[in-house]
Amino acid sequence: MDVTMELVARVVVVAACLSQLTAGVAVLIREWAEARPAPVERAGGPLALVNYVGILMFVFLGLALAITNGGAFRSLTQPLADGLRVAGILVLAAAGLLAIWGVRTMGRELVSPAEVRPDTELVTTGAFGLVRHPLYDSVLMLWAGGTLALLNFVLGAGFVLLVPAFYLRARAEEGILTRHFGDAYIAYAARVPMLVPRLRRPLP
414 MDVTMELVAR VVVVAACLSQ LTAGVAVLIR EWAEARPAPV ERAGGPLALV
464 NYVGILMFVF LGLALAITNG GAFRSLTQPL ADGLRVAGIL VLAAAGLLAI
514 WGVRTMGREL VSPAEVRPDT ELVTTGAFGL VRHPLYDSVL MLWAGGTLAL
564 LNFVLGAGFV LLVPAFYLRA RAEEGILTRH FGDAYIAYAA RVPMLVPRLR
614 RPLP
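Going by this note's numbering, the sequence shown opens with residue 414, and the numbers climb by one from there.
Next up, the structure:
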């Protein structure tokens, strides 16, 4: 079964990479084509690039490693390897579903930079009622799923490095949102966790 599962996992990772690349290009084209008011505030510096780096590196590394399967943990027993690959495929599928849910929830508010504009509205429903940054979670889940599906330490190292980077990016974005929305965002942040969903909803 190991050869079959390895092939399936590699195909799924390639599909995830191509889907992510297509979606990212579509978002950038939409942002370029739409007339939007100038931002009131936008995050700058290296943190502003975290989501771009996370997506592009996953696409290029994921494709390269899925084709060559370099760096795989070959010493694992077959049942364990198959189980990890299946788990990785499920995580990749969940990442895709979360990304679709998050994009649909944001609608016209979807932008790739961390910014607010004069017409920006605070989105707190749908995927944003589960966590405050579901799209960041979806990128991290791609790295985690790719790591398991390919049994690859390179993607695993990337995931470990990106977790604190996305956390810092989220903190910077939340500073902007708090300055713009004030008490409304503070109340939202108190109700909804940043990146890790709560197992149980807090009591009212």
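Cβ coordinates follow ideal geometry from the N, Cα and C atoms, glycine included.
{"Check": "Excluding sequence positions up to five away, which residues of its chain have a Cβ less than 7 Å from the Cβ of Met519?", "Outcome": "Val536"}
{"Check": "Using only the alpha-carbon positions, how far apart do Tyr601 and Val529 sit?", "Outcome": "17 Å"}
{"Check": "Beta-carbon separation of Pro531 and Val453 under 8 Å?", "Outcome": "yes"}
{"Check": "Quick check on DSSP: helix, strand or coil for Val440?", "Outcome": "helix"}
{"Check": "Taking the continuous alpha helix (DSSP H) assigned at Glu586, which residues delimit it?", "Outcome": "Phe566 to Phe594"}
{"Check": "Sort out for me which residues DSSP pairs Arg455 with in a bridge.", "Outcome": "Glu528"}
{"Check": "Start and end of the alpha helix (DSSP H) containing Gly515?", "Outcome": "Gln491 to Met519"}
{"Check": "If we ignore side chains and look at the alpha-carbon of each, how far apart do Leu469 and Ala603 end up?", "Outcome": "32 Å"}
{"Check": "Measure the alpha-carbon distance for Tyr549 versus Thr490 and round it to whole angstroms.", "Outcome": "33 Å"}
{"Check": "Is the stretch 418 to 436 close to the stretch 470 to 478, with three or more CB pairs under 8 Å?", "Outcome": "yes"}
{"Check": "Out of curiosity, what's the CA-to-CA distance linking Leu616 and Asn482?", "Outcome": "Note that Leu616 scores a pLDDT of 47, beneath 50, so its modelled location is shaky; the value from the coordinates is reported in the next line. Between Leu616 and Asn482, the C-alpha separation is close to 47 Å."}
{"Check": "Anyone know if the C-beta pair for Trp556 and Phe572 falls short of 8 Å?", "Outcome": "yes"}
{"Check": "Using three-state DSSP, classify Asn482 as helix, strand or coil.", "Outcome": "coil"}
{"Check": "If you draw a straight line from the alpha carbon of Leu543 to that of Glu419, how long is it in whole angstroms?", "Outcome": "33 Å"}
{"Check": "Roughly how many whole angstroms lie between the Cα atoms of Arg498 and Ser551?", "Outcome": "18 Å"}
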